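Peer 1: Sending over a structure as C-alpha cells; questions will come in a sec.
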Amino acid sequence: MTDTPPHQKRDIESSSQRHSRRVRQLRIVLPVTAGLLMVVIFLLIRPNNSNTPIRFENAALTNQGVVIQNPVFSDSSENGEPFDLSAASAREDLAYPGWVYLDTIRASMTSRENVLIELVAPEGDMLRAQKKLVLSEKILKGDTLPVSLITSNGYHLDMRDLNVDFEKRSAYTDNEVIGKGPIGRFRADKMVLKPDAHLISFIGDVTIRVTPQKQEARNE
Numbered sequence: 005m006t007d008t009p010p011h012q013k014r015d016i017e018s019s020s021q022r023h024s025r026r027v028r029q030l031r032i033v034l035p036v037t038a039g040l041l042m043v044v045i046f047l048l049i050r051p052n053n054s055n056t057p058i059r060f061e062n063a064a065l066t067n068q069g070v071v072i073q074n075p076v077f078s079d080s081s082e083n084g085e086p087f088d089l090s091a092a093s094a095r096e097d098l099a100y101p102g103w104v105y106l107d108t109i110r111a112s113m114t115s116r117e118n119v120l121i122e123l124v125a126p127e128g129d130m131l132r133a134q135k136k137l138v139l140s141e142k143i144l145k146g147d148t149l150p151v152s153l154i155t156s157n158g159y160h161l162d163m164r165d166l167n168v169d170f171e172k173r174s175a176y177t178d179n180e181v182i183g184k185g186p187i188g189r190f191r192a193d194k195m196v197l198k199p200d201a202h203l204i205s206f207i208g209d210v211t212i213r214v215t216p217q218k219q220e221a222r223n224e
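Just so we're aligned: 147 in this note's numbering is position 143 of the sequence shown, and the numbers increase by one with no gaps anywhere.
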C-alpha cells in the first residue's frame with residue numbers, strides 16, 4: 005500500500021473544504037427539520053383557530069390608526085411544533101383598513117427534533133385582504149438591519165426584503181441573498197421559497213463556496 009505524499013494530502017483536504025464556483029441556479033432540497041425555517045413565515049398570518057389570545061402591553065387610537073404595543077402570539081403548528089410571534093408594535097392604517105405596519109418582527113419555532121428556527125425582520129407591511137406580507141430591511145444609525153432566517157442547525161440567510169404570498173404558499177426576493185449553511189457559503193441575485201416542497205431556489209449569479217456537505221444539495 006502506498007501513502008499519499010504530504011503536500012498532495014494537504015491539497016486534497018484543502019480542495020474538499022474550500023471550493024468556489026458559479027452557477028445560474030442552486031436548488032437545495034431540505035429535510036423536514038431544515039424545511040421548518042420556511043414554514044415559520046407562513047405562521048405569521050395563520051388564522052387563530054385555537055382561540056388563543058394575543059397578549060399585548062397596551063393599545064391606543066392615534067391619528068395614524070390603532071397602535072398595539074408588543075403584541076405576542078403563541079400557538080403550535082399543524083404538526084405540533086410550538087411557535088411564538090412578536091413585534092415591537094403593530095399599527096393598522098385608518099385610511100387603508102387591512103394594511104398593518106409591523107415593527108421589529110420576530111417569529112420562532114422549535115421543531116420536534118429540538119431545532120430552533122427564527123425569522124427576524126426590522127419592519128414589515130401586512131396586506132390582509134390580499135393575503136400578502138412584505139418584510140424589509142432597515143437602516144438605523146448607519147447600520148443596515150437585514151431580514152434574516154436563522155436555524156440552530158446551521159442555516160443563516162440575510163436579505164434586503166422578503167415578499168410572502170399566502171394564497172400561492174410561496175415567498176421570494178428579487179434582491180441579493182447572502183447565506184451560509186451545511187453546504188458552505190453562498191450568494192445569489194434572487195431567491196424563491198416553496199415550503200410545501202421543502203425547496204429553496206437561489207437564482208441568478210449564484211456563487212457557492214462549498215464545504216463538506218451534510219445536507220443534500222443539487223446544482224443546476
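Note that CB positions come from ideal geometry on N, CA and C, so glycine has one too.
Just so we're clear, the structure is a prediction, and the values are computed from it rather than from any experiment.
Candidates Ile212, Ser174, Lys184 and Asn179: which alpha carbon is nearest Leu197's?
Peer 2: Minimum Cα distance to Leu197 is reached at Ser174.
Peer 1: Among Thr148, Tyr105 and Met113, which one has its Cα closest to the Cα of Ala92?
Peer 2: Checking every option, the nearest Cα to that of Ala92 belongs to Tyr105.
Peer 1: Classify Ala99: buried if its beta carbon has 16 or more other beta carbons within 10 angstroms, exposed otherwise.
Peer 2: Burial call: exposed.
Peer 1: On the DSSP letters alone, give me the boundaries of the beta strand (DSSP E) that Ala94 sits inside.
Peer 2: Pro86 to Asp97 is the extent of the beta strand (DSSP E) around Ala94.
Peer 1: To the nearest angstrom, how far is it from the Cα of Val210 to the Cα of Ala192?
Peer 2: Distance between the alpha carbons of Val210 and Ala192: 4 angstroms.
Peer 1: From Asn179 to Met195, what does the alpha carbon distance come to, in whole angstroms?
Peer 2: If you take the alpha carbons of Asn179 and Met195, they lie about 8 angstroms apart.
Peer 1: Excluding the 5 residues preceding and the 5 following Val36 in the sequence, name in chain order all residues of the same chain whose CB lies nearer than 6 angstroms to its CB.
Peer 2: A caution first: Val36 carries a pLDDT of 42, below 50, which makes its placement in the model too unreliable to give a value.
Peer 1: Going by CA-CA distance only, name the one from Val76, Ala94 and Leu89 that's closest to Val70.
Peer 2: When each option's Cα is compared against that of Val70, the closest is Ala94.
Peer 1: CA-CA distance, Leu137 and Gly128?
Peer 2: For Leu137 and Gly128, the distance between alpha carbons rounds to 7 angstroms.
Peer 1: Around the C-beta of Ile109, are 16 or more other C-beta atoms found within 10 angstroms, so that it is buried, or is it exposed?
Peer 2: By the 10 Å Cβ count, Ile109 comes out buried.
Peer 1: Let me know if Asp169 comes out buried or exposed under the rule of 16 or more other beta-carbons within 10 Å of its beta-carbon.
Peer 2: Label assigned to Asp169: exposed.
Peer 1: Measure the C-alpha to C-alpha separation of Ser54 and Leu166 and round it to an integer number of angstroms.
Peer 2: Any reading at Ser54 must be qualified, since the residue scores a pLDDT of 48, below 50, and its modelled position is unreliable; no value is offered.
Peer 1: Take the Cβ of Asp147 as the centre, count every other Cβ of all protein chains shown within 10 Å, and call the residue buried at 16 or more, exposed below.
Peer 2: That one is exposed.
Peer 1: Got a sec, what are the start and stop residues for the beta strand (DSSP E) Tyr159 sits in?
Peer 2: Element bounds for Tyr159: n/a, residue is neither H nor E.
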